[in-house]
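Everything on this sheet refers to the single structure shown next.
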Amino acid sequence: MKILVAVKRVIDYNVQIRVKEDGSGVVTDNVKMSTNPPDDNAIEEAVKIKESGKATEIIAVTVGEEKAQETVRKALAVGADRGIHVKVDGNIEPLAVSKILKKIVEKENPDLVFMGKQAIDDDCNQTGQMLAAHLNWPQATFASKIEVNDKSLQVTREVDEGLETIEVNTPAIVTCDLRLNEPRYASLPNIMKAKKKPIEQINASDLGVDTNPRIEHIKIEEPPKRKAGIKVASVEELVQKLKNEAKVI
Amino acid sequence: MSVLLIAEHNNKEVKPFTLNAITASSQIDQDLHVLLIGSKADDVAKSLSEIPLVKKVLHIDHEIYENYIAENYTAAILKHADKYSHIICSANTFGKNLMPRVAALLDISQVSDIIKVISPDTFLRPIYAGNAFATVKSNDEKKCVTIRPTSFEAAETTGGSAEIEKIDAADQTENTKFINREEIKSDRPELGTARIVISGGRGLQSGENFKLITDVADKLNAAIGASRAAVDAGYITNEHQVGQTGKVVVPDLYIAVGISGAIQHLAGMKESKVIVAINKDGEAPIFSVADYGLEADLFEALPQFLEELNKLNTIQK
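Residue numbers (the working numbering), protein chains in the order written: chain A, -5 to 243; chain B, 1409 to 1725.
Take a look at the structure:
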């Protein structure tokens, strides 16, 4: 079984976002970048499945500018076998990413495609479902548990009401929740070894996919600030303020 | 052209977030049709038809829709999408799972999780966990939009009498099977719509200690939330998680207990009307968004809080 894992390079989850003054976006210069957190879970799950003997190869793929390769390199350092970097500059929407991934899937014929359920930059939560649609494959989104069977997966999904379990036949797309597993850190020897693993570079334009944005970003602005609150000295004062000042209890 | 809202329901009742999405949809276009895909869901059709903002209910009833499967819903929606300028649903796990599948097959770049309708093609949506707001304009001819439910009022549910039109089912997928859903039943208000939410974090130190939270919640008729750290640690189940990858809540009162206030948690609660933070670390970031901050050990403060609440003659419900 072959598993393709899609990863995205995003501003690190710990960075306090700053909005550019001209309203054109957020500051990315000299800002720490990392792999989108749930994409790390996707890689980890693929590696675990391979370690259990149920998968033979893991391919990590990313779509983005030159430096997006770093996320593929990191995936290689924790257990992916080879990488693919689809190069494209500028803003690219989930719809276009999903079309690019479809081309990669057609080329590589994986049995499973894993990725994070949502990217923490645009918070779109679309790519996996869109890829599943283009391929007419089943989708198991927001996965917190995956059981691999012969020709199917049993997936537990985190939904508003609690947990839902579905069974999907392979080939299938799974989008991963942060609770799926605990991603491992790459060891130094493995980071060194990963430098020798191959990353194939493909230009998005060579795939015949239209990557022009359909959505115009008219303005990016800071959200309204909350006015500063106060510290109360005691529980008694807190209850009194909630009752008489805020009038919420 | 009209707009088509996809209803979320359990074949008996409309789910509350659909009511918020109805309000948002009607701001895009008043000619609002609701698509109900279900099994033996006549009661749901009736209640949708009584919502004054709804102009028409399209009802597909077939046993294949007993459980919600995105693949089956998508096929049904695509059969009827032609006539509409917008396909809309709520941006909770229901709509997040469904809409991108629909959008991709219509070759539409979806606008996710909007918090404001500026015009029928322009919307406001939070990005970077709500640390920036983007005004976006969709240039697709038809639009697929998901609605952040807590940013819109719930629609009135009585007084309307929309026509109910029965329409045909679509093909069923062979490749996805519903197995089960573990729904945790609770008498408390739902997290997404509660007037008061009290949330616990890693500071609670154990699942047993969440009793301190539930005691106060019972007194205030509040819903119970949690930080991701608390859910990851197994103190409480996932449906309680508030934050960027959990639920977004906008209650009148949000009480954060033993929660440091990571960006990802703030994303799910910082629009609450009044925020209280109880934390023993005076430097915790949660205090930067709190209207009332109490620097205290929660194991002392929570029992005292309950005691003070018990002294009050009345508590708003």
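Ideal placement from N, C-alpha and C gives every residue a C-beta, glycine not left out.
Quick caveat, the model's predicted, so the values are computed rather than measured.
| Asked | Found |
| --- | --- |
| At 3 residues or longer, and completely inside the region 1419 to 1495 of chain B: list those beta strand (DSSP E) runs for me, N to C. | 1440 to 1446, 1464 to 1469 |
| Decide if the region 1460 to 1472 of chain B is in contact with the region 1529 to 1543 of chain B; the criterion is three or more beta carbon pairs, one per stretch, under 8 Å apart. | no |
| Between Ser28 (chain A) and chain B, is the shortest Cβ-Cβ distance under 8 Å, so that the two count as touching? | no |
| Let me make sure I understand the geometry here. Which of B:Glu1416, B:Cys1552, B:Ile1526 has the alpha-carbon closest to that of Leu1513 (chain B)? | B:Cys1552 |
| Would you verify that the beta carbon of Pro1508 (chain B) is, or is not, closer than 8 Å to some beta carbon of chain A? | yes |
| Would you check if the distance between the CB atom of Ile209 (chain A) and the CB atom of Lys1545 (chain B) is smaller than 8 Å? | yes |
| Please classify Lys81 (chain A): does DSSP put it in a helix, a strand, or coil? | strand |
| Would Gly1654 (chain B) be called buried (16 or more neighbouring beta carbons within 10 Å of its own) or exposed? | buried |
| In this structure, does DSSP put Val72 (chain A) in helix, strand or coil? | coil |
| Beta-carbon of Val22 (chain A) versus every beta-carbon of chain B: anything under 8 Å? | Sequence check: residue 22 (chain A) is Thr here, not Val. Cβ-Cβ to chain B under 8 Å: no for Thr22 (chain A). |
| Does the beta-carbon distance from Ala1630 (chain B) to Ile1644 (chain B) come in below 8 Å? | no |
| Would Gly156 (chain A) count as contacting chain B if we go by Cβ distances under 8 Å? | yes |
| Are there 16 or more other CB atoms within 10 angstroms of the CB of Ile1687 (chain B), so buried, or fewer, so exposed? | One point to set straight first is that residue 1687 (chain B) is Asn, not Ile, in the sequence displayed. Result: buried. |
| Tell me whether Lys1678 (chain B) is buried or exposed, calling it buried when 16 or more other Cβ atoms sit within 10 Å of its Cβ. | buried |
| If you draw a straight line from the C-alpha of Gln148 (chain A) to the C-alpha of Glu1647 (chain B), how long is it? | 20 Å |
| Provide the residue span of the beta strand (DSSP E) that contains Ser1546 (chain B), from first to last. | 1540 to 1546 |
| Looking at Asp33 (chain A): is its Cβ nearer than 8 Å to the Cβ of Lys2 (chain A)? | yes |
| Between the region 1481 to 1493 of chain B and the region 99 to 110 of chain A, are three or more C-beta pairs nearer than 8 Å? | no |
| Any C-beta of chain B within less than 7 Å: which residues of the region 197 to 228 of chain A qualify? | Arg208, Ile209, Glu210, His211, Ile212, Lys213, Ile214, Glu215, Glu216, Pro217, Arg220, Gly223, Ile224, Lys225, Val226 |
| With 8 Å set as the bound, which would you pick, yes or no: does the beta-carbon of Asp1439 (chain B) sit closer than that to a beta-carbon of chain A? | no |
| Step through the CB atoms of chain A and report whether any lies within less than 8 Å of the CB of Thr1501 (chain B). | yes |
| Mind pulling the chain B residues with CB within less than 9 Å of Asn238 (chain A)? | Within chain B, no residue comes near Asn238 (chain A); the closest Cβ sits about 11 Å away, beyond 9 Å. |
| Give the straight-line distance between the Cα atoms of Val162 (chain A) and Pro132 (chain A), rounded to the nearest whole angstrom. | 6 Å |
| Run through the region 1520 to 1590 of chain B for me and flag every whole alpha helix (DSSP H) of 4 or more residues, listed as ranges in chain order. | none |
| From the beta carbon of Thr65 (chain A), is the nearest beta carbon of chain B less than 8 Å away? | no |
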